[in-house]
Each structure stands twice: as C-alpha cells, then as structure tokens.
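Residue numbers (this note's numbering): 38 to 142. Virtual Cβ for every residue (Gly too), placed ideally from N, Cα, C. What follows is a single structure, written as structure tokens, with notes after it.
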C-alpha cells in the first residue's frame, strides 16, 4: 500500500496524505449521516469513533508539514494544496452524507 501511495515524481505533493484525508472525510460523513451529530457528541463511543478512530486515520500533522514545506518555496502551490485537502474533505463528507441519506431525503 505504501508503494501505491508514494509520491509520484510528477505530482507536487504526496498523494497518500490526500487519499487518507479524503477517506477520513468520507467516513466521517457516513458516520454522521448514519447515527447523527447528537449521538456522536453525547455518546462516548461516538466521540471515540469520530475523534479517536477517524482522527487517528486522518493525517493533519502530515498535511500541515507538507503545506509548511511548500509554503517556503512555492506559496501558490501551498495554497492549492490546502484548498484541495480542505475542500476535498468537505466534498467527501457531503458525498457520504448524500449517499447515506443525511441530505435531501
């Protein structure tokens, strides 16, 4: 899996970090759509799943390090990197919500 997610030479930033963050965003949306925000906030299992499991899966520290490294030499690329991660994760969250029936039923 590490070989498949390694950074190709032709890409300006790591695909693996982005893939893991998008998967985490999607899973968070699926969990949110399935059990609801009230349960996630009030139930210890919900807190564990959302912050523990999905927080451990996603790679905010790697995302931050990659962004800071890009910011030193390529500020516009750093902005693009941040936008792709944040907007991509939000899109994945809402796609999962749509798929699992949270929105528009």
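For residue i, count the other beta carbons within 10 Å of its own beta carbon; 16 or more makes it buried, fewer makes it exposed. Which is it?
| i | result |
| --- | --- |
| residue 138 | exposed |
| residue 93 | exposed |
| residue 70 | buried |
| residue 142 | Unreliable positioning characterises residue 142 in this predicted model, as indicated by a pLDDT of 47, which lies under 50. The coordinate reading is nonetheless provided below. Exposed, because fewer than 16 other Cβ atoms sit within 10 Å of the Cβ of residue 142. |
| residue 89 | exposed |
By the DSSP assignment, the alpha helix (DSSP H) with residue i in it spans what residues?
| i | result |
| --- | --- |
| residue 51 | From DSSP, residue 51 is part of no alpha helix (DSSP H); its letter is neither H nor E. |
| residue 106 | 97-110 |
| residue 77 | 74-79 |
I think residue i touches residue j, with their Cβ atoms under 8 Å apart; what is that distance to the nearest whole Å?
| i | j | result |
| --- | --- | --- |
| residue 114 | residue 120 | No, residue 114 and residue 120 are not in contact; Cβ-Cβ is about 11 Å, not under 8 Å. |
| residue 125 | residue 68 | Contact doesn't hold; Cβ gap of about 18 Å is too wide. |
For this session: Inspect the CB distances between the region 49-61 and the region 76-84 and report whether three or more fall short of 8 Å.
Result: no
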